[in-house]
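Numbering of the sequence shown is given in this note's numbering, commencing with residue 42 and proceeding in unit increments.
No residue lacks a Cβ here, since even glycine has one placed at the ideal position from N, Cα and C.
None of the values given here were measured: they were computed from a predicted structure.
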Amino acid sequence: PDQAPAAAGDSVEPAKTAELADMTHLVRMLEAANREVVSVNPQDPIERAITLMLAYDFSQLAVMTGPRDLKGAISWKSIGSRLSQRNQLNH
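Next comes the structure, spelled out in structure tokens:
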């Protein structure tokens, strides 16, 4: 009797462990994970954050009070929102 053609997955060999290991990507492999954190202090002027974000081409920046004390992040969106509120209050 005629046999139905094998499904595409039936003839594929299981991936070898070494091949899977080559496909694994870890955060520590990224250049950014091995650099010092560029950050601003909550007391820094917004201009400092803007300067750093432009200099490093960052869309956001860590806000820290110490090397291991993350308070949050500042972003272009948060800066724009804050500046727009200031302009609304002045008019």
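Helix, strand or coil for residue i? Go by DSSP, reduced to three states.
i: Ser80; result: strand
i: Ser116; result: strand
i: Thr92; result: helix
i: Leu67; result: coil
Ordered along the chain, which non-local residues of its own chain (more than five positions away) have a Cβ less than 7 Å from that of residue i?
i: Leu111; result: Ala103 and Met105
i: Ala96; result: none
i: Val68; result: Ala74
Counting only beta-carbon atoms, is residue i nearer than 8 Å to chain C?
i: Leu124; result: Any reference to chain C falls outside this structure, which holds one protein chain only.
Ignore the nearest five residues each way along the sequence and tell me which others in residue i's own chain have a CB closer than 6 Å to its CB.
i: Gln101; result: Ala114 and Ser116
i: Met94; result: Leu102
i: Val78; result: Ala103
Buried or exposed, going by whether 16 or more other CB atoms sit within 10 Å of the CB of residue i?
i: Val81; result: buried
i: Ala90; result: buried
Excluding the 5 residues preceding and the 5 following residue i in the sequence, name in chain order all residues of the same chain whose CB lies nearer than 8 Å to its CB.
i: Pro83; result: Val104, Thr106 and Lys112
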